[in-house]
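Comments concern the structure below.
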Amino acid sequence: MSDLRYIRVEWDGEIAVVVIDRQEKLNALNADVVAELGQVFDGLRDDDKVRGVLLTGAGEKAFVAGADIGELAKMDSISGVRVSRDGQDVFLQIERFPKPVLAVVGGYALGGGCELALACHMRIASDNARFGLPEVGLGIIPGYGGTIRLARLVGLGRAIEFTLTGETVDAQRAAEIGLVSAVYPRAEVLDRGKEMLRNVTRNGPVAVRMALES
4 MSDLRYIRVE WDGEIAVVVI DRQEKLNALN ADVVAELGQV FDGLRDDDKV
54 RGVLLTGAGE KAFVAGADIG ELAKMDSISG VRVSRDGQDV FLQIERFPKP
104 VLAVVGGYAL GGGCELALAC HMRIASDNAR FGLPEVGLGI IPGYGGTIRL
154 ARLVGLGRAI EFTLTGETVD AQRAAEIGLV SAVYPRAEVL DRGKEMLRNV
204 TRNGPVAVRM ALES
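Here the numbering used here is used: the first residue of the sequence shown is 4, the next is one more, and so on.
Right, dumping it as structure tokens:
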């Protein structure tokens with residue numbers, strides 16, 4: 004994982020802290036970021052010292068502000084389908100990861116960023132977080148499986164409304180509807196996330212894995 008450009012991996016004991024670092028683009032997802040995420044999770048899956056993964060975005064403005072619109076605008080339909088499928092594969096890889104994955108969301112988690120958080124097993128947010136699936140306003144749909152995952156969390160009716168209106172919600176509202184489990188001040192949220200993961204990883208790894216697979 005030494006050739007990564009947009010992802011860095013830090014360590015806190017048995018917790019791997021995966022940071023999406025493309026701050027000049029508000030950590031927006033492009034093809035390279037998605038590919039690097041897949042590469043990182045492939046490596047962590049087979050690393051026996053990893054007991055849990057914390058996924059977050061660099062800086063205070065965004066977890067992931069969505070897909071890279073500039074890249075999307077240059078794609079033809081065939082390229083668009085390929086990129087969508089690549090994203091679906093990586094997000095499914097995260098969803099099926101055999102160790103707990105916690106999204107720590109600060110700032111914007113829109114479009115693909117919201118879908119990425121939904122693919123994680125657990126989610127907490129800082130008090131400046133905002134969530135949304137605004138794709139319909141761009142004439143497209145959420146392409147990474149987020150509509151299905153959202154319905155599982157908040158219910159079908161609310162998920163349909165959320166998707167069709169393209170509305171954004173703040174962190175407190177996200178907690179009220181079950182999108183995240185807790186909201187913390189920005190200065191505390193990363194440490195709270197690590198504490199939450201430690202509470203999970205102190206349990207038997209086989210039992211945790213089986214619970215994730217059940």
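The beta carbon of each residue, even a glycine, is placed where N, CA and C say it ideally should be.
Of the listed residues 110, 200, 212, 197, nearest to residue 62 (C-alpha basis): The shortest Cα separation from residue 62 among 110, 200, 212, 197 belongs to 110.
DSSP puts residue 11 in a beta bridge; with which residues? DSSP output for residue 11 lists 22 as bridge partner(s).
Is the region 29-46 touching the region 85-103, taking contact as three or more C-beta pairs under 8 Å? Touching, yes, given that three or more Cβ pairs across the two stretches are closer than 8 Å.
On the criterion of 16 or more Cβ atoms from any shown chain inside 10 Å, does residue 168 qualify as buried, or is it exposed? Exposed is the label assigned to residue 168, since fewer than 16 other Cβ atoms lie within 10 Å of its Cβ.
Beta-carbon gap between residue 40 and residue 196 smaller than 8 Å: Contact: no.
Go through its chain and collect everything with a Cβ distance to residue 184's Cβ below 8 Å, but skip five positions before and after it. Only 125, 126, 127, 178 meet the Cβ criterion.
Which value, in whole angstroms, describes the spacing of the CA atoms of residue 175 and residue 115? Approximately 20 Å, taken between the alpha carbons.
Taking a contact to mean a Cβ-Cβ separation below 8 Å, would you say residue 189 touches residue 130 in this structure? Yes, Cβ-Cβ distance for residue 189 and residue 130 is below 8 Å.
Using the C-alpha atoms, what's the distance from residue 120 back to residue 163? Between residue 163 and residue 120, the C-alpha separation is close to 18 Å.
Could you tell me whether the Cβ atoms of residue 134 and residue 112 are closer together than 8 Å? Against a cut-off of 8 Å, the Cβ pair of residue 112 and residue 134 comes out as a contact.
At the level of alpha carbons, what is the spacing between residue 136 and residue 150? Distance between the alpha carbons of residue 136 and residue 150: 9 Å.
Would DSSP call residue 119 helix, strand or coil? If DSSP states are grouped into helix, strand and coil, residue 119 belongs with the helices.
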